[in-house]
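Participant: I'd like to ask some things about the structure below.
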Amino acid sequence: MNELALIVFAPLIAGALAWLIDIKGIREIIGVLGAAVPLGYAALLYQKVNGGLSFAINLGVFKLTFALNALNWFFLGIGALVGFAAILALVSTGRDSYEWLFALMSLSGVLGVFLANDLMTFFIFWEIMTFASFMMVLHYNKAASLKYFLLSVFGAYAMLIALGMIYAKLGTFDFAQIQQAMYKEAYAVAFKADTVFSKGESILIYLLFLIAFGVKAGMFPLHVWAPDAYSETNQSYAAMFSGVLSKTGVYGFIMLYLLMGTRLAIELGGFRSTTKFGYIIAFLGGLTIIVGGLLAALQEDIRKLFAYSSISQLGYILVGIGVGTALSMQAALFHALSHALFKGLFFLIVATIVYRTGKTTFADMGGLAEKMPFTFAMAFVAILSLAGIPPLVGFASKWVLFEAVISQNLPVLGGMVFFGSAIGFVYLIRFTYAVWFGQRPTDLDNVKDAPLSMAVAMAILALFNVILGIAPGLVARELNKIFGKEVIGGNLYVLDLGFGKYNALAILIYLIAGIVIAGIIYFMGAKARRVPVTDTYQSANPVTMDYNLTIRRNFFLPLKETLAFWLRISFDKLYHDIGAWIEDLAEVLRNYIYNGSVQSYAWYLAIILLILALWGV
Amino acid sequence: MNPYYFASIALILIGLYAILAKRNVLKMLVGLSIMETGVNLLLISVGYVSGRSAPILSEGITPDRAVDPIPQALVLTAIVIGVATTAMALSVVINLYEKYKTLNVEEIRRLRG
Amino acid sequence: MVKRIFAIVFILIIGFWMAKALDQVPFGQDRMLVGKYYLEHVKEETGAVNAVTAVVVNYRGFDTLGEVTVLFIASTGVAALLWRKKRKRTAKTEGSVVLTTGARLLLPFIMLFGVYIFIHGHLTPGGGFPGGATIATAFLFLYLAFTVYEVDHKIFEPLEGLAGVGYVTVGLIGLAIGGYFLFDWIWQTWGIGKENIGRLLSAGFIPIIYTLIGIKVGTELTGIVDNMIKEPEEGGQ
Amino acid sequence: MSQYASLLIALPLFGAFFIPILKRISKSAVMPFLVLVTLIQTGIAAWVFNEVYITGKPIIIMAGGFRPPIGINLYIGHFAALFVLVIAVTSLLMTIFSFKAVSVEPKDKYAMLFLLLMLGATGMISTGDIFNLFVFMEITAISAYALIAYNKTGEASEAALKYIVLGGIGSSFFLVGVALIYGSLGTLNMAHIAQLAHLVNPTVAKAGLALLIFGLAVEAEQFPLNAWAPDAYQEAPHPVTAMFSAFVVKASLYAMGRVIYILSAVEGWSSILRLLIILGTLTVIIGEMSALRQNNVKRMFAYSSIAQVGLIAVGLALGTESGVSASVFHMFNHAIVKALMFLAVGYVAVELGGTEINKFEGLGKRMPVTAFAITVGAISIIGIPLFNIFWSKMQLILAALNAQYTWMVALILGASLVEATYYIRLIHTIWFKGEGEKVKESSVLALVMLLLVALIIVIGIYPEPFWNVMQKAGSDIFNVAQYIKNVPLMGVSP
Amino acid sequence: MGETSKISRYLYTVLILFIIWLFLTGSLDPQEVTIGAIFALIVGALTDEVFTERGLGNLNPKRVLYFTAYIPYFLWAMIMANLDVAYRVLHPKRPINPGIVECRTVLTNNVGKLALANSITLTPGTITLDVKGDRYFIHWIDVKDKSVEGASENITKPFEKFLKVIFE
Amino acid sequence: MSIASIIGQALVLFGTFFYVLSSLGLIRMPDVYNRMQTATKSATLGSLGVIIGVGIWAIGEVGSYSWIPKTLIVAVFLLLTNPIAAHALIRAAYKSGVPLWEGSIVDRYKEAESSLERVEEIKEKLEEPSRGVEINE
Amino acid sequence: MSDWVAIFIAALMVVSAIFAVEWRDLLAAVVGMTAVSLFASIAFFFLQAPDVAMVEAAIGAALSAAVFIFAINRTERYESEEEGTGWWVKW
Amino acid sequence: MIEVYLFLIAVAVILSMYRFFRGPTTADRIVAVDIMTTLTTGLMVLFALYYRRAIFLDVALVYAVLAFVGVIAFARYMEGGL
């Protein structure tokens, strides 16, 4: 059997086996093995990246084709790595065989999406992934899962229509062929020749794809499913959910670029230094950053916080993709990797906290650093990485992204990106302090540190965070390989963009030096300052029971009040209203049409006859 | 317009009218029955050939002096089917009346929505 | 009232449409295609004088089989729907002596008419269905006239089944002998009655099948009547 | 030898006619006899299927030995061979279910009606004559009337009454259509009609085709002619509901497809197709919408079934071969899934005494196998990959897009979202809501359900062989020229 | 009236049926006759109990003779009745005087009663409304005598002398 | 034009005349009983005339004697059935409560009916105690 | 002549059908239906379809009517009061 | 010549149809139908001769028998005897 097939189907088969066998202990082993296979093969296949490895299954109805190339491999690596970590953590948090089945199934789906070599395969695995992740959420919360599923399926159907339109015109699903045809199309547009797709059709396809991938990537205003879905599921699984599944959306956007980029660029024209269609993506990405970041700051629930944070971070990636230069693309890919790494890590940390304490809101936490030192260490890495502190991987990717955006002379986007970065600090501070430091509620006195499996999982991700942070050149090398040219120069430790350089190793050294100096100062003379128990702050408001702001409670309430007007515009509510409206409509329709009287039914027949008569006469 | 055609269409439509406008179930079934009669008449008139005799080849009737036998065969079947439907419908109505104590369609609508 | 006006307008439009379509099928013209073949070949192929009968039983045998089945379904369905644990005739009064005596007197005649009609199906108009219906009418007459007269439906049901089985069996014998279901083996393979077309004993299996259909239709329609005339006893649900 | 395929018709008839006699001998033998007959029928159907697919040639049964335009012929082509098998197998499974589900007397009548319903559908699918189609349609319909009202409750009678009135109108107009077609062509054989279709007067042909489709659409549950369907589905005995959804409506749909394509040479053909597509789309939308807030699960499934039927009709009306093939595939898949679901729901109703949604709370713990079956069915219907319906739905939608019906596809997909909603709610109710004591599930029925589940998953995972079959079946409907060639028409021409 | 033997009743039924059959077919083709005989036998077996109570006794020559004589009498009465009707209908003043009267009959046999009732119905101005035992209730279009005896004299007597012989 | 034809036609004419007469009666008479009086008689005689007339006419027209038996059968059958139908109908009309014409002079049936009812009531009353005795036993 | 016969029968049939549909007494409606059947039977007779005429007479006139009557017997004879009768049958 | 008879019968039918439509009671209508069946039996026999086909007599026969039973059914229902 082909390696690709093994990669794709091993988790699924393992999941099915785990579900069927359903003996505690064995199912975990099977599951972890199933998740390890893709990781192992992904590592093995590194050598064959450009070897044209491909695989096809003829289902009769469709042909499933998989192929491996550098881009694929990159995402495959992300998926397999984070997926493996999440599955490993699932050993502790997994409640029953049901979760094993669907967690592994969704991993399968993700890998299938990444490896797909034609649109149909892409779509099929997309659906599998959606369905499996939905089932994971359904286990916990019906409303959240329904929202997630409906939006995802909405997106998926949009994609289906788009690919159907492409298929109807071109008669193929194959990426390469579509790409070729689209290039031809682009030329045809450029030279005003006859095109297969009219302008309207191509825009429609673009919009449909935008919806499809936007939903998965949590793009504003289609992000509303994400907070609920991420928070209302198994937290170990949420690591994969946020870390990997959302990347399929990113991957989709890249595919969109690859398939139709030229065509759309020529058809729609440019905008400043970028293309119009790309700018739309980028702009929406920028909005996503801001909205996600602000909302993350306002959350009282850790899981929600990271969910919004995740949305925010994905916005960066979209900006990177939207800008559309080779550099920004690389930045986006790089950030996709780092986001997967640190956000996966974050969710594993949250999983550990939730697993050990059973609590999710800031108000119930505090002072856990003492009790869970290892987890805290991991969290430290993750926080640094997300906040973009060198020399962790988060900094490297963000830096490249900033450079890419700024270098393209796009001030609005740049502003958005910077704002997002700033707001990142805002919510991270809260997480750092409220969870790990400060006074510990008494019921958390007996909390233990992370269980082994989760610890290992976190360690893996943290390790990658650090390694790739110190040696960003590793990633850059891969990215260059994808683009087939040297976009980011430099060596293992240095990223050279031509107009700027980042030397991770140097910074590491400076950092260590700084820490050492700071330590010396600390140990030499600093005095620990006692903090009062109720460290309220009021920001010019009277302190009441309602307006009791601590870092654990309503910390950013003033911010919330400031933004009150904007917060009222809730897309979540809009979708909810649409849903309720459709339900009411359905009710009305049902009661009017199927009103129980056989006479009315006979009237329907008469009406149809009348229509036939008028049609025919 | 031939009177037979006219009559058959009119019967069909009158039957339809009964179903559309009458609230009594039995009346609707009367309408259905009339409709079936109309359809049968239509089939027969479609098969009629002016000046020819019944397709029973005795008493000196040669094949070229007989009308089309097929519609007649069809209508034989259709009539029987009609009476079967009617019988079924009436037994259903009897059952219905036993339970609902009404024949008004406006009141026979417990199943809805 | 609005409903009526709408209904009338609707049916007028529909009627106009149908009339327009029918206008292209002029009345009384010779449009026979397959029909002509039937008329020309009916005598040598089936031996029947009545082309309608030949079409019904031989050429379009499946229709007839289906038709019998439909009636069978109706009878079964009526029996199933009106089935109650305890039922009986609830006729309130008996007909006057004139009616009852008349019924007694006419019963054999009506039955004989029925028999006459279905046995002469291939020679004169009629056949299994009118014949069977006539027989059923005889029983209906009995039911109408008497309060106590009970046709034993227990015998009728198996008779009905037997006739049906007989019909299918005749068809299956055709399959076995001639290789086709409902093959007219008496006429085409054995050639019985070839020399006397137009007399009673000709036309292959048409009389046989019509006899079976007649019995079947008669019993079925009687069954329907029987079931509809009986009401559940009080509390006999 | 191939003429023995006529046993497909003869055997159920024989069985049904034999039951009154058998009842006199032993009343308790009726239900086992039913199983026996359906079993033999399955065997014959399997043989026919094998024969047709191995030789690749359709079986033409000539009744009475007369060649087609003269005699009625049954045309068991690829489609009919397949669906005859589906019908037989479904019936077999439902007879097994009937042991459990049917407790209302008189059971012998039930057995007869059951067999005749099966016969009617078989006949509709295999007939090659337009009036014979009507006869078989009426056999199906009338036995359906009887079976719907079989429970003898007021509601059942009401449902049956609705069906009778609507079906009566439909069949009357169908017959008008037959009259028009016959009046202008002088023949009733489908192949012959197809051969001569270009000679028909366009006005007549258009009206005739429209009326034929109108009549069939009532049986095929196209909106808004389907108003009888939810009631009927809800009130019929559970095995019968499964049969309706699994093959009775499919037979009508097939007939519709066949009638459409044999008259494809008619002028104005595509406008009728367009109308049918609009109706089909409306069927999907209204069906899904109506199912959304349904409290009675059986009724909900009924609406869902209607919606799927609309989808199939759209596929048939696309006028492309891929559309028809996809439709056929969808029919097949839907037959399996809906048979499973109605079986499971019926079983729940039998055990827990009702199909209201609150009966389903905690079903996952009370009747795990049944709950699992319903879940798999629901997931499959939503259109999740690795389950069978995904493939057919996908093919259908691609075919529709191929035929430039983008907006229709969008609407249908929107309706599918609604469908997903209510099925998910049901799944949630079954597994994550409420508790209850465990019910002992019948092992035979569990086996049947698991068999169907396995079939769903097998097709879902490896659709290739099935798809090959469906393609042949689809081209059997679509390819009229081949159809004409296959039927050994006699040289009767104007 | 004594119970007549079953065979006699059967044979009588078959005979009548066979004659009817011959009338129906209107031919003497041996095939027709054979089949007719067969079916007469079958139908006879099914219906003889209902059909007759007296069997072959009905074929007593005297009865046949009276029956033959009755027919022209009856026909004559009928024509007269119709002329009467014509008079009443066509007369501009509609000379009618209707009412329901009661008659008595001496007939005891059911068939006789039927024949009498039919005869009454088809003869001048009378129509049988109900029969209860030996009491005939008759709608008379021109009531000449309200009493039972008078009405009987007018209406039933003329037929009874024939019918008594034929059916008693 | 043979003699048979002439006789036959005469009979048919005679019959159709009575047909018209019967329907006239149906229209002119004031209530359903009187209508039945006139209509049934004339219609029966009329159809007797027409049917037998046709049988005879056919001898001359078609030259076949085989019509006679069949027409006879039809005629006899009508002769048998029509009075029965008329009787059943008039009885039904009476029992369903169709009132007699106001010009009717006598209604013996009503009297008899009421007396009959009285008799039956008395009978029931007489039977009542005996039944009671049975229960007591 | 046959044209006139056709028109005559067609008119009778249509008128009886209208009346059958409009009468509030269901028994009368069934009588009307029977009349339609009888006229249809005659129409079949004139259209040279004796077989069909026979079946129509047998089934339409006798059995169908009888079955309807049994049904009326077991349900109710009159339509509800609110069912207005068309002006065209009120005279 | 046959036209005359036909005309007379038609007149009769029209007159009885008048009673059928007008009839104040349902009994009147049934009487009218009964008379009409008798009339049409005659008509059929007459037309059998017009078409010169004896086979049509059978139709008249069946018609007479069955219409009679139908009328009896109506009568029995009206009488309240069912």
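If you're matching them up, the sequences are chains A, B, C, D, E, F, G and H in order.
So the number in the numbering used here is just where the residue sits in the first sequence, counting from 1, plus 18.
So the number in the numbering used here is just where the residue sits in the second sequence, counting from 1, plus 11.
So the number in the numbering used here is just where the residue sits in the third sequence, counting from 1, plus 4.
So the number in the numbering used here is just where the residue sits in the fourth sequence, counting from 1, plus 307.
So the number in the numbering used here is just where the residue sits in the fifth sequence, counting from 1, plus 19.
So the number in the numbering used here is just where the residue sits in the sixth sequence, counting from 1, plus 4.
So the number in the numbering used here is just where the residue sits in the seventh sequence, counting from 1, plus 44.
So the number in the numbering used here is just where the residue sits in the eighth sequence, counting from 1, plus 91.
Glycine residues also receive a C-beta, built at the ideal position from the N, C-alpha and C atoms.
Assuming Y452(D) and I471(D) make a contact with CB atoms under 8 angstroms, what is their CB distance in whole Å?
Facilitator: As a working note, residue 452(D) is residue 145 in the fourth sequence. As a working note, residue 471(D) is residue 164 in the fourth sequence. About 5 angstroms separates the two Cβ atoms, so the contact holds.
Participant: Can you check whether the CB of F530(D) is closer than 8 angstroms to the CB of T809(D)?
Facilitator: Residue 809(D) is absent from the model: chain D starts at 308 and stops at 801.
Participant: Counting only Cβ pairs nearer than 7 angstroms, list the residues of chain G close to G130(C).
Facilitator: Taking the first residue of the third sequence as position 1, residue 130(C) is located at position 126. Within chain G, the residues near G130(C) are D95, M98.
Participant: Do you know how far the Cα of G384(A) is from the Cα of P459(A)?
Facilitator: In the first sequence, the residue the question calls residue 459(A) occupies position 441. In the first sequence, the residue the question calls residue 384(A) occupies position 366. Those two C-alpha atoms are separated by around 7 angstroms.
Participant: So, with DSSP's three-state summary, where would you put V746(D)?
Facilitator: On the fourth sequence, residue 746(D) is found 439 positions in, with the first residue counted as 1. If DSSP states are grouped into helix, strand and coil, V746(D) belongs with coil.
Participant: With DSSP as the reference, label I39(E) as helix, strand or coil.
Facilitator: Within the fifth sequence, the letter at position 20 stands for residue 39(E). Residue state, collapsed to three classes: helix.
Participant: Sort out for me which residues DSSP pairs E121(E) with in a bridge.
Facilitator: Here residue 121(E) corresponds to residue number 102 of the fifth sequence, with the count starting at 1. Per DSSP, F156(E).
Participant: So what's D188(C) in DSSP terms, helix, strand or just coil?
Facilitator: By one-based count along the third sequence, residue 188(C) stands at place 184. Three-state DSSP puts D188(C) in coil, outside helix and strand.
Participant: Can you pull the chain A neighbours of E117(B), defined as C-beta to C-beta under 7 angstroms?
Facilitator: For this step, residue 117(B) is matched to residue 106 along the second sequence. Going along chain A in sequence order, the residues near E117(B) (Cβ under 7 angstroms) are S615.
Participant: Within 8 angstroms (strictly less), CB to CB, does T119(G) reach chain H?
Facilitator: Position 75 of the seventh sequence, counted from the start, is the residue given in the question as residue 119(G). Not one chain H Cβ lies under 8 angstroms of T119(G).
Participant: Could you confirm whether any beta carbon from chain F is found closer than 8 angstroms to the beta carbon of L204(C)?
Facilitator: By 1-based counting over the third sequence, the position of residue 204(C) is 200. Taking Cβ atoms only, chain F never reaches closer than 8 angstroms to L204(C), which makes this a no.
Participant: Taking C-beta pairs closer than 8 angstroms, name the residues in chain C that V153(H) reaches, listed in chain order.
Facilitator: For the purposes of this step, residue 153(H) is identified with residue 62 of the eighth sequence, where counting begins at 1. Near V153(H) (Cβ distances below 8 angstroms), the residues of chain C are F117, I121, G130, P134, T138.
Participant: Would you mind telling me which residues of chain G sit closer than 7 angstroms to S56(B), beta carbon to beta carbon, in chain order?
Facilitator: The residue labelled residue 56(B) in the question sits at position 45 within the second sequence. Chain G residues near S56(B): L91.
Participant: So, at 6 angstroms on beta carbons, what are the nonlocal neighbours of G49(B) in its own chain, with the 5 sequence-adjacent residues on each side left out?
Facilitator: Locating residue 49(B) in the second sequence gives position 38, counting from the first residue. So the qualifying residues of the chain are S19, L22, I23.
Participant: Among the candidates F390(D), F443(D), Y382(D), whose CA atom is the shortest distance from the CA of I92(B)?
Facilitator: Stepping through the second sequence from its first residue, residue 92(B) is reached at position 81. If we check each option's Cα against that of I92(B), F443(D) comes out closest.
Participant: What does M183(A) reach in chain D if we use C-beta pairs closer than 8 angstroms?
Facilitator: Within the first sequence, numbered from 1, the residue matching residue 183(A) stands at position 165. Simply L708, T713.
Participant: For Y42(C), count neighbouring Cβ atoms within 10 angstroms of its own Cβ and tell me buried if that reaches 16, exposed if not.
Facilitator: Locating residue 42(C) in the third sequence gives position 38, where the first residue counts as 1. By the 10 Å Cβ count, Y42(C) comes out buried.
Participant: State the Cα-Cα distance for the pair I184(A) and L355(A), rounded to the nearest angstrom.
Facilitator: Counting from 1 along the first sequence, the entry for residue 184(A) is found at position 166. Counting from 1 along the first sequence, the entry for residue 355(A) is found at position 337. In a straight line, the C-alpha of I184(A) is about 30 angstroms away from that of L355(A).
Participant: What whole-angstrom Cβ distance do G136(C) and G222(C) have, given they're in contact under 8 angstroms?
Facilitator: Locating residue 136(C) in the third sequence gives position 132, counting from the first residue. Locating residue 222(C) in the third sequence gives position 218, counting from the first residue. Contact holds; Cβ gap of about 4 angstroms.
Participant: CB-CB under 7 angstroms to V507(D), same chain, minus the five flanking residues each way: which ones, in chain order?
Facilitator: Within the fourth sequence, residue 507(D) is the residue found at index 200, counting from 1. Result list for V507(D): S491, L492, V573, in chain order.
Participant: Which two residues bound the contiguous beta strand (DSSP E) that contains S72(A)?
Facilitator: Translated into positions along the first sequence, residue 72(A) becomes position 54. Segment 72-76, the beta strand (DSSP E) holding S72(A).
Participant: Please confirm if L22(B) has its CB atom under 8 angstroms from at least one CB of chain G.
Facilitator: Against the second sequence, residue 22(B) aligns to sequence position 11. Answer yes: the Cβ-Cβ gap between L22(B) and chain G drops below 8 angstroms somewhere.
Participant: Could you tell me whether any Cβ in chain G is nearer than 8 angstroms to the Cβ of R74(H)?
Facilitator: Any answer about residue 74(H) is impossible in this case: the structure gives chain H only from 92 up to 173.
Participant: Which chain G residues are close to G42(B), counting only those with a beta carbon under 7 angstroms from its beta carbon?
Facilitator: In the second sequence, counting from the first residue as 1, residue 42(B) sits at position 31. Ordered by position in chain G, the residues that pass the 7 angstroms Cβ test against G42(B) are V65.
Participant: State the start and end residues of the unbroken alpha helix (DSSP H) segment that holds I441(A).
Facilitator: For the purposes of this step, residue 441(A) is taken as residue 423 along the first sequence, with counting starting at 1. I441(A) -> alpha helix (DSSP H) spans 429-449.
Participant: Looking at A11(C) and L40(B), is the spacing between their C-beta atoms short of 8 angstroms?
Facilitator: Against the second sequence, residue 40(B) aligns to sequence position 29. Against the third sequence, residue 11(C) aligns to sequence position 7. Taking 8 angstroms as the Cβ cut-off, L40(B) and A11(C) do not qualify as a contacting pair.
Participant: Against S102(B), what residues of chain H qualify as contacts under a CB-to-CB distance less than 7 angstroms, listed in chain order?
Facilitator: To locate residue 102(B), count along the second sequence from 1; it is residue 91. Residues of chain H passing the Cβ test: none, with the nearest at roughly 16 angstroms.
Participant: With a cut-off of 8 angstroms, does the C-beta of R600(D) fall near any C-beta of chain C?
Facilitator: Counting from 1 along the fourth sequence, the entry for residue 600(D) is found at position 293. No, R600(D) does not count as interfacial toward chain C.
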